[in-house]
Amino acid sequence: MTEVIDLRGRLLIPGFIDAHTHFGNAAAWLFRISLYEVHGEREALEAVASAARRIPEGLWISGGDLGAASAWAADAEGRPRPDPMRLDIRALDAATPAHPVLLRRVDGAYIANSLALARARTTPGEPDPRGGRIERDPATGEPTGVVHGRAAEQLVDLMPPSNLELQIAGARVALEDLRRAGITTIHDVARLEEASSRRLFHTHVERSATDLELFRELQRRGELTVRVYAFLTLSLWREVLAAGIRPRSDEGLIRFGALKAFIDGFLMDEPYADDPDYSGSFTFRFVDERTMAADIAGADAAGFDPVIHTTAFAWRSLLDAGARLDIVSDWPGSFNERRPTPLAPLENIALAVMRGWHPEQRLTVEEALIAYTVNPAFASYEEDRKGTITEGKLADLVVLSQDILSVPPESIRATQVDMTILGGRVIHR
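Basically our numbering = 1-based index in the sequence shown + 43.
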C-alpha cells in the first residue's frame, strides 16, 4: 500500500550515512556511566539517576574513574590529591532503588548501593572477607557502601558478564538514537565473533569493534533498522575469507567490502605551525610496517578495500585537491567521557560550515550534505542505490523541519529530523 506524505514545505533529503561508528560501544553505553569529569556528590548522583531512567530495572549500573579528573589535575600540578569522593549511601539508594550500583573510585575502592550490598549478603554483622574491607558507620555498624580489596571483588564477581541479550537491550536504545538522527546507514568498525578472544582485541581500540553476531541477531529478529557497512579487521583478512565473507557481498541490511586498520599519529610533510620541531608520528598500531604492508596487499588482492585510520582536519584543502570527504561522528566516542559523543549530523554540518578554527577550511552547506550522503555511498560502492534521491534507488530518506540549504548557517543546528524512512518504511516520525 502506497502512503502519500505531505511535506508541508519541509526539506526531503537522502538518509544520512555516518561513515565511522562503533555501534557495539553505543549499545554498551546503556549500562555504563563515566564518572571521570564528575567533581562532586551531586553530579555523581545525577549521573546514576540518569542511567537508571534508561536501564531496565534489576540490571546493574556500573561506572569508573570517580574523582579522576580532580586527582589527575592535582598530580599534574604537584599538589596532594583531594580526599577520595564519598557518596551518602542513602542518597545513592534514592537515586535508583531498583538497580544494583557499583562505582569504581580513582583510588581503587568501590562504592555500592544497598541493593548491590544485599546481593552480596553484606550485613552489619558480616565480617570483612580476607583481603578486603567494608567501611561501616561507627555509630550503627551499617555498611557505608565503600568497599575495598576482596570485598569489592566479590561485588564485581556478582555482575553478570556481557551476553548477547544484554547487547540486544543496549542495541535497541542505540538503534533508536540512529533513527532519531536520520541515519539510515552506518559504516561500522566490526569484528568476527571468534576473533574477540585474541590478544589483538585486548586493547581499547580493538575492543571498540562491534561483534558481527550482534548485527546478525538483530536482523534475524527483524529489529535492525539501519543498513550496516561492516569494517572488519584488516589483519584478519585471511579469517574473513575463511568465514565465507566476500567483498561487496550482502547479508540483508549488512554489507561487506572494507577492512579496518590504524596507521597514523597525524604525520605531516612539514613541522606543525605551532611546533617547528615536530611533524607528527607514523605509528603502526599493534603491527610493524612490513606486516601492515603485507596485510594491505593481501586484502587488496582479495578484493577488499583497506580502510586506514588517520587524522586530518584540512577539509577545504582536501576537497579542493579532489578528495571525497565523508563527515563522520566516531559515535559514541570514548568511555572516558561523561556522555556518548552524539551522532548529530545536523550539528556536524553546522560545524563544517561555520568552523572557527582555521575558517579557511570551511565547507558550504551543499558540500557538507554531500559528505553525509553521496560520498559515503560511493565509498561503499553503493552510489547506484543510495546517496541521492533518484528513481530506482533505495528509498532511504529523511524529512527535515526546514530547508538547511536556504536558512542562515547559524540556524542549521535548530533543524529537527521530522521523519526517517528506510527502504520506503517510516521508522521514525
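Where a beta carbon is used, it is the ideal one built from N, C-alpha and C, also for glycine.
{"Item": "Sub-8 Å separation of L302 and V283 beta-carbons", "Value": "yes"}
{"Item": "Exposure label - Q459; buried when at least 16 CB within 10 Å", "Value": "exposed"}
{"Item": "Run of the alpha helix (DSSP H) containing D373, from where it starts to where it stops", "Value": "Segment: none, D373 is in no alpha helix (DSSP H) and carries neither H nor E."}
{"Item": "Nearest-angstrom Cβ-Cβ length linking V396 and A414, presumed shorter than 8 Å", "Value": "The Cβ separation is near 11 Å, so there is no contact."}
{"Item": "Test item: CB-CB of Y424 and R270 under 8 Å", "Value": "no"}
{"Item": "Collapsed DSSP secondary structure at G466 in the structure displayed", "Value": "coil"}
{"Item": "Three-pair Cβ contact test at 8 Å for the stretch 210-217 versus the stretch 189-200", "Value": "no"}
{"Item": "For I60, the residue or residues it bridges with in DSSP", "Value": "T228"}
{"Item": "Cβ-based neighbour list, S444, same chain, cut-off 7 Å, excluding 5 preceding and 5 following", "Value": "R53, T458, Q459, D461"}
{"Item": "Three-state secondary structure (DSSP) of D348", "Value": "strand"}
{"Item": "Beta-carbon proximity of K429 to P127, cut-off 8 Å", "Value": "no"}
{"Item": "Exposure of A285, with buried meaning 16 or more beta-carbon neighbours within 10 Å", "Value": "exposed"}
{"Item": "Burial state of H23, where buried means 16 or more other Cβ atoms lie within 10 Å", "Value": "Only positions 44 to 472 of the chain appear in the structure, and residue 23 is not among them; the question remains open."}
{"Item": "Backbone CA spacing between R147 and E89 [nearest angstrom]", "Value": "16 Å"}
{"Item": "Boundaries of the alpha helix (DSSP H) in which F421 is found, first to last residue", "Value": "417-422"}
{"Item": "For A273, the first and last residue of its enclosing beta strand (DSSP E)", "Value": "270-276"}
{"Item": "Nearest-angstrom beta carbon gap, D131 and S157 [assumed within contact, 8 Å]", "Value": "That belief does not hold up - the Cβ atoms of S157 and D131 are roughly 12 Å apart, past 8 Å."}
{"Item": "Nearest to R367 (by Cα), restricted to the options P375, W358, G287, D373", "Value": "W358"}
{"Item": "Contact set for A62: own chain, Cβ-Cβ below 7 Å, skip 5 residues either direction", "Value": "H230, D369, V371, P419, A422"}
{"Item": "Three-state secondary structure (DSSP) of E282", "Value": "helix"}
{"Item": "Distance CB(G188)-CB(A155) smaller than 8 Å", "Value": "yes"}
{"Item": "C-alpha distance - W400 paired with S205, whole-angstrom precision", "Value": "41 Å"}
{"Item": "Cα-Cα separation between A364 and E256, rounded to whole angstroms", "Value": "39 Å"}
{"Item": "Reduced DSSP secondary structure (H/G/I, E/B, other) of L406", "Value": "coil"}
{"Item": "Sequence-distant residues of the same chain with beta carbon closer than 7 Å to L78, five excluded per side", "Value": "A87, A90, G106, G107, D108, L109, L146"}
{"Item": "CA nearest to the CA of I60, picked from R468, T463, R472", "Value": "T463"}
{"Item": "For E266, three-class secondary structure by DSSP", "Value": "coil"}
{"Item": "R456 vs L389 beta-carbon contact at 8 Å", "Value": "yes"}
{"Item": "Backbone secondary structure at R51 - three-state DSSP", "Value": "coil"}
{"Item": "Integer-rounded CB distance, given that I104 should sit under 8 Å from V144", "Value": "5 Å"}
{"Item": "In DSSP terms, what G106 is bridged to", "Value": "I76, L146"}
{"Item": "R176, DSSP secondary structure in three states", "Value": "strand"}
{"Item": "For R289 and F274, believed in contact at Cβ under 8 Å, the rounded distance", "Value": "Going by Cβ atoms, the distance from F274 to R289 rounds to 15 Å, so no, they are not a contact pair."}
{"Item": "Classification of T166 by the beta-carbon crowding that lies within 10 angstroms, buried from 16 upward", "Value": "exposed"}
{"Item": "Neighbour-count burial assignment, D320, 16 or more Cβ in a 10 Å radius", "Value": "exposed"}
{"Item": "R234 - DSSP class collapsed to helix/strand/coil", "Value": "strand"}
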